[in-house]
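These notes concern the structure reproduced below.
Numbering (the numbering used here), first residue to last: 97 to 235.
Here's what the structure looks like:
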């Protein structure tokens, strides 16, 4: 099921402060961690993507956990005034997505994540150190 919301944010382009966008991406990653998601990655796709600045990817362990984790990220977006453009959830909850224009959050069941392998697709994108463990981060 795909829920579409106000698309004017996308049509007008982002007016968000780059530091606030980055902070929201990092907070989204921490929210996924706090919801017990695993293998969380934040990719900086500025200059590589024309539609977003950061991609947050995580893996969940159950449909309920993934749905709850995504809901927490959506609530965080509301608190931080990041308008959600759309949410997409497949029928089996194998891949959940929340699009905040500047930040897109993908939450996968592990086998589905391995199949689509977004990290390889965005292999040129620097990984952002959101938890102090990434030595590959580039400024």
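We put the beta carbon where it would ideally sit given N, CA and C, even for glycine.
With residue 165 and residue 180 assumed to form a contact (beta carbons below 8 Å), what rounded beta-carbon distance in angstroms separates them? Contact flag wrong, Cβ pair sits at about 15 Å.
Who are residue 154's beta bridge partners in DSSP? 203
Simplified DSSP state of residue 179, which is helix, strand or coil: coil
Rounded Cβ spacing between residue 139 and residue 223 (contact assumed at less than 8 Å): 6 Å
What does a CB cutoff of less than 7 Å around residue 108 pick up in its chain, not counting 5 residues either side in sequence? Residue placement at residue 108 is flagged as unreliable, the pLDDT there being 48, under the threshold of 50; the coordinate-derived value follows with that caveat. Same-chain partners within the cutoff: there are none.
Looking only at its chain, what residues have a beta carbon closer than 7 Å to the beta carbon of residue 135, apart from the 5 residues adjacent to it on each side? 154 and 155
For residue 188, does the three-state DSSP call read helix, strand or coil? coil
Closest by C-alpha distance to residue 149, when choosing among 158, 203 and 121: 121
Which listed residue (199, 158, 126 and 118) has its alpha carbon closest to that of residue 229: 126
In this structure, what does DSSP give as the bridge partners for residue 137? 153
Rounded separation between residue 104 and residue 198 - CA only: Note on residue 104: pLDDT 44, under 50, position unreliable in the model; the coordinate value appears next. Whole-angstrom Cα-Cα distance: 13 Å.
Which of helix, strand or coil DSSP assigns to residue 227: coil
Here's a check: name, in chain order, each residue in its chain whose Cβ is nearer than 8 Å to the Cβ of residue 215, leaving out the five neighbours to either side. 137, 139 and 153
Could you please give the first and the last residue of the uninterrupted alpha helix (DSSP H) stretch that includes residue 124? 114 to 130
Contact set for residue 133: own chain, Cβ-Cβ below 7 Å, skip 5 residues either direction: 154, 155, 156, 165 and 203
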